[in-house]
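> In the numbering used here, the protein residues as written are 2 to 167.
C-beta: ideal position from N, C-alpha, C; glycine also.
Sharing a structure here in structure tokens format.
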């Protein structure tokens, strides 16, 4: 098939297979943004572990402030899209409050993550350090994401918790 024939066939499939299209619909949360949020939230939960270069103690406050600002803005945007999708007329106003509510839980979630890491370390005789657990055991990151998603779920945010955990 030529590129033009492929294009025509693909466009025709959009007309005949509508159940997997989302054209002219409400703006949905972005998978790319959700993945970015997951990565940035891991930086906030485990500072210094996933950096490209060492994180100096003196830099932690400034780096944290910048990360929080960026995460809050993107989180607010994706929550608003999620709320709009289910027809929430107050989506934009509520999104800010919900984003702040999740971020306010980060210190508590960090405490829980610390116990998760410790349990994984103590439960595996082959583990040599908690650093190894955080860096090499996918279960720690998966559980951490699950804990974040659960907070969003408890805040009645649609779509986003599921997208984070998948």
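Candidates 50, 77, 41: which alpha carbon is nearest residue 138's?
50
> Where are the alpha helix (DSSP H) runs, 4 residues long or more, that stay fully inside the segment 107-144, in chain order?
Restricting attention to alpha helix (DSSP H) runs no shorter than 4 residues, the segment 107-144 encloses them at 107-124, 131-137, ordered along the chain.
> Suppose contacts are defined by Cβ-Cβ distances below 9 Å. Is residue 107 in contact with residue 156 by that definition?
Contact check for residue 107 against residue 156 fails: the beta carbons are separated by 9 Å or more.
> Would the segment 75-86 and the segment 29-37 be scored as touching if the rule is three or more Cβ pairs under 8 Å?
yes
> Alpha carbon to alpha carbon, how far is residue 17 from residue 99? Give it in angstroms, no decimals.
Each residue's alpha carbon lies about 39 Å from the other.
> Taking 8 Å as the limit between beta carbons, can you name the residues of its chain near residue 40, skipping five residues before and five after?
51
> The alpha helix (DSSP H) that contains residue 44, what's its start and end?
32-46
> Considering just the uninterrupted stretch of the alpha helix (DSSP H) at residue 4, what are its terminal residues?
4-17
> Would residue 76 and residue 103 be called neighbours here (beta carbons separated by less than 9 Å)?
yes
> According to the Cβ coordinates, are residue 165 and residue 35 closer than 9 Å?
yes
> Residue 158 by DSSP, collapsed to three states: which one?
coil
> Less than 8 Å between the CB atoms is what I'm expecting for residue 64 and residue 56, so what's the real figure, rounded?
7 Å
> Buried or exposed: which applies to residue 81, given that a residue is buried once 16 or more other Cβ atoms fall within 10 Å of its Cβ?
The residue in question, residue 81, is buried, as its Cβ has 16 or more Cβ neighbours within 10 Å.
> For residue 97, name the three-state secondary structure that DSSP assigns.
DSSP places residue 97 in the helix class (H, G or I) of the three-state scheme.
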